[in-house]
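Numbering (the numbering used here), first residue to last: 8 to 276. Positions of the beta carbon are idealized from the N, C-alpha and C atoms, including for glycine. Remember, predicted model here, so these are calculated numbers, not experimental data. Here the structure comes first, spelled out in structure tokens, and everything after it is commentary.
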């Protein structure tokens with residue numbers, strides 16, 4: 008334990024210059040992230056956190072003003088990603104009401120075997136600056152307005168996507184692989200290009216994805232319902248799904264025929 012504390016203290020002393028633009032932390036043995044990893048790195052554009060397996064929580068990097076690419080891989084001890092990921096716990100309610108990840112364009116989260124919950128909301132008591140709150144007294148945040156690509160992989164316990172992902176008005180690509188506990192992908196009304204779903208064995212429903220143009224589905228045997236996908240132009244399916252021809256596929260093809268007067272293009276993936 009003393010050795011781990013010493014490692015953490017050494018990391019705390021290795022504060023990088025504030026003009027750093029690209030940072031990777033890999034294989035950290037500490038149980039926490041360094042104290043300098045946060046909003047002070049105002050020039051940071053690319054951040055990679057790789058195999059920091061003992062970190063119980065992720066750093067508050069949502070207020071990095073220039074961060075464009077964030078990759079988190081192998082944070083095995085993390086079970087929840089919550090509002091502390093957006094800003095420091097000591098932030099005031101007014102600070103919580105600002106834009107989180109204002110310039111983030113690409114987010115990758117993978118190899119997270121114990122991650123179960125993902126949320127962007129925070130309980131706020133007595134917001135004094137007039138910022139709007141939900142009925143449950145949760146601060147309303149604007150999150151990832153420039154996010155274009157989101158990749159999730161090897162997150163077998165993740166139960167749901169955060170509701171406020173619907174605020175990602177620039178989202179074009181969503182790729183989810185091996186998220187076996189995920190049951191629903193829905194209400195991403197701004198997702199405008201492709202949705203890829205692979206080996207999500209618990210996935211049951213796709214709904215209200217009105218701008219998706221290309222849909223890839225492979226090894227999602229529990230999928231029973233796909234609705235409000237009226238802009239899908241290309242559908243890529245694994246061979247097993249094409250052979251089974253499930254009901255949701257039949258209904259999706261019928262809907263496309265009604266809207267466009269032609270057959271939906273099917274491709275083998």
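Item	Value
Of the choices 55, 47, 84 and 80, whose alpha-carbon is the least far from that of residue 63?	84
Rounded to the nearest angstrom, what separates residue 256 and residue 220 at their Cα positions?	15 Å
Does the separation of the CB atoms of residue 171 and residue 127 fall below 7 Å?	yes
Which residues in the same chain as residue 192 place their Cβ atom closer than 6 Å to its Cβ, once the five residues preceding and following it in sequence are excluded?	213
Going by other Cβ atoms of all chains shown within 10 Å of its Cβ, with 16 needed for buried, is residue 34 buried or exposed?	exposed
By the DSSP assignment, the beta strand (DSSP E) with residue 200 in it spans what residues?	Here residue 200 belongs to no beta strand (DSSP E), and DSSP marks it neither H nor E.
Could you tell me the alpha carbon to alpha carbon distance between residue 261 and residue 233, rounded to whole angstroms?	12 Å
Using C-beta distances below 7 Å, list every residue in its chain close to residue 69, excluding the 5 sequence neighbours before and after it, in chain order.	92, 93, 94, 107 and 108
Quick check on residue 229: buried or exposed, where buried means 16 or more other Cβ atoms within 10 Å of its Cβ?	exposed
Going along the chain, which residues of its own chain have a beta-carbon closer than 7 Å to the beta-carbon of residue 66, five neighbours each way excluded?	40, 44 and 45
Considering just the uninterrupted stretch of the beta strand (DSSP E) at residue 267, what are its terminal residues?	Run containing residue 267: none in the beta strand (DSSP E); it sits in the alpha helix (DSSP H), 254-267.
Judging by CA-CA distance, which residue of 118, 238 and 253 is the nearest neighbour of residue 271?	238
Checking 7 Å against the spacing of the C-beta atoms, do residue 159 and residue 183 come in under that value?	yes
Quick check on DSSP: helix, strand or coil for residue 171?	helix
Counting along the chain, where does the beta strand (DSSP E) carrying residue 158 start and finish?	156-160
As an exercise, report each continuous alpha helix (DSSP H) stretch of at least 4 residues that is fully enclosed by the region 58-121, in chain order.	100-103
Taking 8 Å as the limit between beta carbons, can you name the residues of its chain near residue 121, skipping five residues before and five after?	83, 84, 85, 86 and 164
Mapping DSSP to helix, strand and coil, what is residue 249?	helix
Check residue 191 in the structure and name its three-state DSSP category.	strand
Provide the residue(s) that pair with residue 43 in DSSP beta bridges, ordered along the chain.	Answer by DSSP bridge pairing: none, since residue 43 is not bridged.
Work out the CA separation of residue 125 and residue 88 for me, nearest whole Å.	5 Å
Among 248, 15, 51 and 52, which residue has its Cα nearest to the Cα of residue 59?	15
In the DSSP assignment, what residue or residues form a beta bridge with residue 225?	205
By DSSP, does residue 27 sit in helix, in strand, or in coil?	coil
From the DSSP output, in three-state form, read off residue 275 for me.	strand
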